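Q: In my numbering, the protein residues as written are 2 to 488.
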Ligand SMILES: NC(=O)C1=CN([C@@H]2O[C@H](COP(=O)(O)OP(=O)(O)OC[C@H]3O[C@@H](n4cnc5c(N)ncnc54)[C@H](O)[C@@H]3O)[C@@H](O)[C@H]2O)[C@@H](O)CC1
Ligand SMILES: [K+]
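Written out as structure tokens, the structure is:
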């Protein structure tokens, strides 16, 4: 259930399922029942208003209203437009509804304990305006609980963008698989709790549609983890070079700590000679080397992965160093200053990428590197990944990771605590550490984001960046035990 379907893919899954013998009205009934079950699981009987739009999202509303009324709940139903204008499955379910059909209005919200939002779903095509916008505002300012069906009305299921206004729900029940808009901001903030419910569309049907986007779940990358074998030694686990700045040493110290906790065999911090004592004294397991030894270091192929950028400094020297590293075609993570150094000339960076490379920009860095790439985060990450032939990870509460071939994952762990200084340096270190151990760049970026988020969620309020590496063993242990159980 961790695939994410676009709304078109969802329509296609519906179509194939109907073609396979399950009529559309049965799918709608199943959808209605799924929402009904979630409602009675979450709330005791209370006065409900079901707000129906002109399409099949409204059709779901009729099915939900009937099930709730049959269960003995007090239900009012409002419809946008005329019941005679409803078509297909929605018309069929409207005909089965025996209660009154009122005109959609704020009066239905005032006095209701629970509102079921079936105004617009996948078919939202433009901004919500006028009376319906006012209705949405009334819902959002009312003390009632709100269940959104499929998506909160006003949220674009593909992008998470709010078209005009959007309902703010306590619970969103969607069908078959989640859509990007459930996880991307700001849509994610409008959904409340998300329930993904089966309505009779088979897993095979979903697979046949070949989704290319997933919720970032271990299922996606756990087969690509290189757990050490008993017979292995440290040289089997990679040797990461972390390039450290001369003054902002904290950033690369965090990179180093995180990389080592992620399991890398050896780690060397490469920096100007005057900064080396700081790096060396930070942790006895850190090795250090002066930047003057750069050629000798990179001529040694055992140094199989690089992280550069955190605290390194922006400028032509950084740009030149990054180009040298990319030329070596080894696993490389570019973060922070290594990205910003290309702000004037981003195409040079894109042309230079040859080996397994991960770019980890936050939104500001992304905008500097790809000023012409617009749209939602998912489509921007994909476009940048394709342009640079690199894995691109755009950071944020809804981190998106995209591979050049179009695969993408969205982080779905809610963890506000990670928005703190040094947190990104830790992420770069984890990803570099995983790549040094031989993990594929897309998998390493996804796993890094997951480890980072899970650690953040476990640590919770009060988190500082230094805590995250220290928590990695607990989260890694969980993954390791799960992998052994599977074996
Ligand atoms: N067989 C199926 O396809 C199934 C569909 N289901 C439901 O069907 C929904 C999709 O149904 P539809 O494709 O009919 O789409 P919607 O019900 O989301 O809305 C389509 C209607 O809204 C109008 N509209 C769009 N944006 C508007 C705006 N801003 N202001 C005013 N009017 C606007 C359109 O002109 C159209 O009449 C899903 O979200 C889901 O809830 C479920 O019943 C499961 C089965
Ligand atoms: K809705």
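All residues carry an ideal CB built from backbone N, CA and C; glycine is no exception. No experiment lies behind these values; they were computed from the predicted model shown.
With hydrogens ignored, establish whether the beta-carbon of residue 357 is closer than 6 Å to any heavy atom of ligand 1.
A: Here the question's residue 357 lines up with position 356 in the chain shown. Every heavy atom of ligand 1 is 6 Å or more from the Cβ of residue 357, so no.
Q: Quick check: the Cα distance between residue 485 and residue 436, rounded to an integer number of angstroms?
A: Position 484 of the chain shown, counted from the start, is the residue given in the question as residue 485. Position 435 of the chain shown, counted from the start, is the residue given in the question as residue 436. The C-alpha of residue 436 is placed about 22 Å away from the C-alpha of residue 485.
Q: Quick check: the Cα distance between residue 490 and residue 51, rounded to an integer number of angstroms?
A: This structure does not reach residue 490, given that the chain is present from 2 up to 488, and the question cannot be answered.
Q: Can you tell me which of the three DSSP states residue 307 falls into?
A: Here residue 307 refers to the residue found at position 306 of the chain shown. Strand at residue 307.
Q: Can you list, in chain order, the residues of its chain with a C-beta nearer than 8 Å to that of residue 417? Leave out the 5 residues immediately preceding and following it.
A: Translated into the one-based positions of the chain shown, residue 417 becomes position 416. 398.
Q: Report the residue from 18, 470 and 38 whose alpha carbon sits nearest the alpha carbon of residue 258.
A: Your numbering for residue 258 matches position 257 in the chain shown. For the residues 18, 470 and 38, the minimum Cα distance to residue 258 belongs to 470.
Q: Go through the segment 360-418 residue by residue and report every complete run of the alpha helix (DSSP H) that reaches 4 residues or more, in order.
A: 364-370 and 378-389
Q: Who are the Cβ neighbours of residue 55 in its own chain at under 6 Å, not counting the five residues just before and after it?
A: The residue given as residue 55 occupies position 54 in the chain shown. Within the same chain, residue 55 has close Cβ partners 81 and 82.
Q: Taking a contact to mean a Cβ-Cβ separation below 7 Å, would you say residue 159 touches residue 187 in this structure?
A: Taking the first residue of the chain shown as 1, we reach residue 159 at position 158. Taking the first residue of the chain shown as 1, we reach residue 187 at position 186. Not a contact, by the Cβ cut-off of 7 Å.
Q: What would DSSP say about residue 46, mapped onto helix, strand or coil?
A: Residue numbering aside, residue 46 sits at position 45 when the chain shown is read from its first letter. In the structure shown, residue 46 sits in coil (DSSP, three-state: anything other than H, G, I, E or B).
Q: Which residue from 76, 71, 68 and 285 puts its Cα closest to that of residue 103?
A: Here the question's residue 103 lines up with position 102 in the chain shown. Among 76, 71, 68 and 285, the Cα nearest to that of residue 103 belongs to 76.
Q: For residue 157, which of 145, 124 and 130 has the nearest alpha-carbon?
A: Position 156 of the chain shown holds residue 157. When only C-alpha atoms are compared, the closest one is 124.
Q: Could you spell out the range, first to last residue, of the alpha helix (DSSP H) harbouring residue 295?
A: Indexing the chain shown from 1 puts residue 295 at position 294. Counting along the chain, the alpha helix (DSSP H) containing residue 295 begins and ends at 295-300.
Q: Start and end of the alpha helix (DSSP H) containing residue 495?
A: Since the displayed the chain opens at 2 and closes at 488, residue 495 lies outside it and no answer follows.
Q: Count Cβ pairs between the segment 278-287 and the segment 300-315 that sit closer than 8 Å; are there 3 or more?
A: no
Q: Leaving out the 5 sequence neighbours to the left and right, which residues in its chain are closer than 6 Å to residue 113 when beta-carbon positions are compared?
A: To locate residue 113, count along the chain shown from 1; it is residue 112. Short of 6 Å from the beta carbon of residue 113, and not among the five residues preceding or following it, lie these beta carbons of its own chain, in chain order: 48, 50 and 145.
Q: For a test of your reading of the model: does the CB of residue 170 fall under 6 Å from any non-hydrogen atom of ligand 1? Yes or no.
A: Taking the first residue of the chain shown as 1, we reach residue 170 at position 169. No - ligand 1 has no heavy atom lying nearer than 6 Å to the Cβ of residue 170.
Q: In the structure shown, what three-state DSSP assignment does residue 228 receive?
A: Against the chain shown, residue 228 aligns to sequence position 227. Coil at residue 228, not helix or strand.
Q: Let me know if residue 352 comes out buried or exposed under the rule of 16 or more other beta-carbons within 10 Å of its beta-carbon.
A: Here residue 352 refers to the residue found at position 351 when the chain shown is read from its first residue. Burial state of residue 352 is exposed, judged by a 10 Å Cβ sphere holding fewer than 16 other Cβ atoms.
Q: Can you tell which of 233, 383, 354 and 153 has the C-alpha that lies nearest to the C-alpha of residue 367?
A: Taking the chain shown and counting its residues from 1, the one referred to as residue 367 is at position 366. For residue 367, the closest of 233, 383, 354 and 153 by C-alpha to C-alpha distance is 383.
Q: Do residue 90 and residue 29 count as a contact pair if the criterion is CB distance below 7 Å?
A: Mapped onto the chain shown, residue 29 falls at position 28. Mapped onto the chain shown, residue 90 falls at position 89. Yes. Within cutoff.
Q: Looking only at its chain, what residues have a beta carbon closer than 7 Å to the beta carbon of residue 23, apart from the 5 residues adjacent to it on each side?
A: Counted from its first residue, the chain shown places residue 23 at position 22. So the qualifying residues of the chain are 201.
Q: Give me the residue from 373, 347, 402 and 227 with the minimum Cα distance to residue 389.
A: The residue you call residue 389 lines up with position 388 of the chain shown. If we check each option's Cα against that of residue 389, 347 comes out closest.
Q: Using a 10 Å radius around the Cβ and a threshold of 16 neighbouring Cβ atoms, would you call residue 438 buried or exposed?
A: Within the chain shown, numbered from 1, the residue matching residue 438 stands at position 437. Looking at its Cβ environment, which holds 16 or more other Cβ atoms inside 10 Å, residue 438 is buried.
Q: Can you tell me whether residue 275 is buried or exposed? The criterion is at least 16 other CB atoms within 10 Å of its CB, across all chains shown.
A: Indexing the chain shown from 1 puts residue 275 at position 274. The residue is exposed, with fewer than 16 neighbouring Cβ atoms inside 10 Å.
Q: Tell me whether residue 162 counts as near ligand 1, meaning its Cβ is closer than 6 Å to at least one heavy atom of that ligand.
A: Here residue 162 refers to the residue found at position 161 when the chain shown is read from its first residue. Because no heavy atom of ligand 1 lies under 6 Å away, the Cβ of residue 162 does not count as near it: no.
Q: May I ask whether a heavy atom of ligand 1 can be found less than 6 Å away from the beta carbon of residue 219?
A: For the purposes of this step, residue 219 is taken as residue 218 along the chain shown, with counting starting at 1. Taking the Cβ of residue 219 as the reference point, every heavy atom of ligand 1 lies at 6 Å or farther away.
Q: Check whether the segment 231-245 touches the segment 447-462, taking contact to mean three or more Cβ pairs, one atom from each stretch, closer than 8 Å.
A: no
Q: Our contact map puts residue 340 next to residue 360 with C-beta atoms below 8 Å; I'd like the distance itself, whole angstroms only.
A: For the purposes of this step, residue 340 is taken as the residue at position 339 of the chain shown. For the purposes of this step, residue 360 is taken as the residue at position 359 of the chain shown. About 6 Å; that satisfies the 8 Å criterion.
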